[in-house]
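Trainee: There's a structure below that I have some questions on.
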(Lines of atoms letter the chains of each structure in order from A and count residues from 1; the text may use other names and numbers.)
(Lines give C-alpha, C1' and ligand atoms only; values in the text may rest on other atoms or scores of the structure.)
Protein backbone atom coordinates (compact mmCIF):
# COMPACT_ATOMS: atom_id res chain seq x y z
CA UNK A 1 0.00 0.00 0.00
CA UNK A 2 1.42 3.39 -0.96
CA UNK A 3 1.41 6.35 1.36
CA UNK A 4 -0.68 9.36 0.33
CA UNK A 5 1.39 12.30 -0.81
CA UNK A 6 1.86 14.87 1.93
CA UNK A 7 1.95 18.36 0.35
CA UNK A 8 3.64 19.75 3.47
CA UNK A 9 6.76 17.86 2.40
CA UNK A 10 7.15 20.25 -0.56
CA UNK A 11 7.31 23.37 1.60
CA UNK A 12 10.71 24.99 1.90
CA UNK A 13 11.29 28.02 4.04
CA UNK A 14 12.13 31.07 1.90
CA UNK A 15 15.36 31.71 3.80
CA UNK A 16 16.55 28.22 2.85
CA UNK A 17 16.18 29.08 -0.85
CA UNK A 18 18.18 32.30 -0.44
CA UNK A 19 20.67 30.84 2.07
CA UNK A 20 19.40 33.04 4.86
CA UNK A 21 19.45 36.32 2.95
CA UNK A 22 16.40 38.55 2.97
CA UNK A 23 17.82 41.55 1.09
CA UNK A 24 18.95 41.43 -2.56
CA UNK A 25 22.48 42.54 -3.44
CA UNK A 26 20.89 45.23 -5.63
CA UNK A 27 17.43 46.71 -5.82
CA UNK A 28 15.31 45.15 -8.56
CA UNK A 29 12.00 46.95 -9.21
CA UNK A 30 8.93 44.74 -9.42
CA UNK A 31 8.32 45.91 -13.00
CA UNK A 32 11.92 45.37 -14.13
CA UNK A 33 12.15 43.32 -17.32
CA UNK A 34 14.58 40.40 -17.29
CA UNK A 35 16.05 38.47 -20.20
CA UNK A 36 18.22 35.36 -19.97
CA UNK A 37 21.76 35.66 -21.30
CA UNK A 38 22.95 33.29 -24.03
CA UNK A 39 24.45 30.78 -21.59
CA UNK A 40 21.98 31.30 -18.74
CA UNK A 41 20.12 28.00 -18.95
CA UNK A 42 23.32 25.94 -19.23
CA UNK A 43 25.02 27.72 -16.33
CA UNK A 44 21.89 27.91 -14.16
CA UNK A 45 21.65 24.10 -14.11
CA UNK A 46 24.46 24.23 -11.56
CA UNK A 47 23.10 27.21 -9.64
CA UNK A 48 20.07 25.48 -8.15
CA UNK A 49 16.55 24.43 -9.09
CA UNK A 50 14.89 27.84 -8.66
CA UNK A 51 17.55 29.74 -10.61
CA UNK A 52 17.31 27.16 -13.37
CA UNK A 53 13.51 27.61 -13.55
CA UNK A 54 13.93 31.40 -13.74
CA UNK A 55 16.51 31.07 -16.53
CA UNK A 56 14.25 28.73 -18.52
CA UNK A 57 11.32 31.14 -18.17
CA UNK A 58 13.42 34.13 -19.31
CA UNK A 59 15.09 32.36 -22.22
CA UNK A 60 12.32 32.52 -24.83
CA UNK A 61 10.87 35.87 -23.74
CA UNK A 62 11.44 38.74 -21.38
CA UNK A 63 9.49 38.70 -18.12
CA UNK A 64 9.08 41.14 -15.25
CA UNK A 65 10.16 40.28 -11.72
CA UNK A 66 6.47 40.13 -10.75
CA UNK A 67 5.74 37.63 -13.53
CA UNK A 68 8.70 35.47 -12.52
CA UNK A 69 7.52 35.35 -8.91
CA UNK A 70 4.04 34.37 -10.06
CA UNK A 71 5.20 31.69 -12.53
CA UNK A 72 7.63 30.11 -10.05
CA UNK A 73 5.25 30.53 -7.09
CA UNK A 74 8.08 32.03 -5.07
CA UNK A 75 7.44 34.87 -2.63
CA UNK A 76 8.37 38.18 -4.27
CA UNK A 77 11.19 38.81 -1.79
CA UNK A 78 12.75 35.42 -2.52
CA UNK A 79 12.42 35.92 -6.28
CA UNK A 80 14.01 39.38 -5.93
CA UNK A 81 17.05 37.95 -4.07
CA UNK A 82 17.52 35.13 -6.62
CA UNK A 83 17.09 37.44 -9.62
CA UNK A 84 19.55 39.99 -8.18
CA UNK A 85 22.10 37.19 -7.78
CA UNK A 86 21.49 36.04 -11.35
CA UNK A 87 21.93 39.58 -12.69
CA UNK A 88 25.20 39.88 -10.74
CA UNK A 89 26.37 36.53 -12.14
CA UNK A 90 25.54 37.58 -15.71
CA UNK A 91 22.77 35.00 -16.12
CA UNK A 92 20.05 37.62 -16.56
CA UNK A 93 20.06 41.02 -18.20
CA UNK A 94 18.10 43.70 -16.37
CA UNK A 95 16.07 46.27 -18.28
CA UNK A 96 14.07 48.82 -16.35
CA UNK A 97 10.55 49.22 -17.64
CA UNK A 98 9.98 52.27 -15.49
CA UNK A 99 9.42 55.44 -17.45
CA UNK A 100 11.93 58.21 -16.86
CA UNK A 101 9.15 60.79 -16.64
CA UNK A 102 6.78 61.33 -13.75
CA UNK A 103 4.83 59.64 -11.03
CA UNK A 104 1.64 59.31 -13.12
CA UNK A 105 3.37 57.32 -15.87
CA UNK A 106 4.98 55.02 -13.27
CA UNK A 107 1.60 54.40 -11.62
CA UNK A 108 0.10 53.61 -15.04
CA UNK A 109 2.84 51.06 -15.63
CA UNK A 110 2.30 49.47 -12.23
CA UNK A 111 -1.42 49.30 -12.99
CA UNK A 112 -0.69 47.43 -16.23
CA UNK A 113 1.64 45.03 -14.37
CA UNK A 114 -1.06 44.38 -11.76
CA UNK A 115 -3.63 43.78 -14.50
CA UNK A 116 -1.30 41.27 -16.16
CA UNK A 117 -0.76 39.44 -12.87
CA UNK A 118 -4.49 39.19 -12.28
CA UNK A 119 -4.86 37.51 -15.69
CA UNK A 120 -2.39 34.75 -14.69
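Residue numbers (the working numbering): 981 to 1100. Glycine residues also receive a C-beta, built at the ideal position from the N, C-alpha and C atoms. Here the structure is a predicted model, which means the values were calculated and not measured.
Please say whether residue 1085 and residue 1044 have beta carbons closer to each other than 8 Å?
Mentor: The count along the chain shown starts at 1 and reaches residue 1044 at position 64. The count along the chain shown starts at 1 and reaches residue 1085 at position 105. The answer is no: Cβ separation not under 8 Å.
Trainee: Do you know whose CA, among 1013, 1008 and 1052, lies nearest residue 1029's CA?
Mentor: Position 49 of the chain shown, counted from the start, is the residue given in the question as residue 1029. Residue 1029 has its Cα closest to that of 1052, out of 1013, 1008 and 1052.
Trainee: Within the continuous alpha helix (DSSP H) that includes residue 1090, where are the two ends?
Mentor: Indexing the chain shown from 1 puts residue 1090 at position 110. Looking at the DSSP string, the run of the alpha helix (DSSP H) that includes residue 1090 is 1083-1099.
Trainee: For residue 1060, count neighbouring Cβ atoms within 10 angstroms of its own Cβ and tell me buried if that reaches 16, exposed if not.
Mentor: Numbered from its first residue, the chain shown carries residue 1060 at position 80. Residue 1060 should be labelled buried.
Trainee: Output the distance between the C-alpha atoms of residue 1050 and residue 1036, rounded to the nearest integer angstrom.
Mentor: Sequence index remark: in the chain shown, residue 1050 carries index 70 (1-based). Sequence index remark: in the chain shown, residue 1036 carries index 56 (1-based). Between residue 1050 and residue 1036, the C-alpha separation is close to 14 Å.
Trainee: When the distance is taken between beta carbons, is residue 1064 closer than 8 Å to residue 1005?
Mentor: Reading the chain shown from its first residue, position 25 is the one you call residue 1005. Reading the chain shown from its first residue, position 84 is the one you call residue 1064. Closer than 8 Å, so yes.
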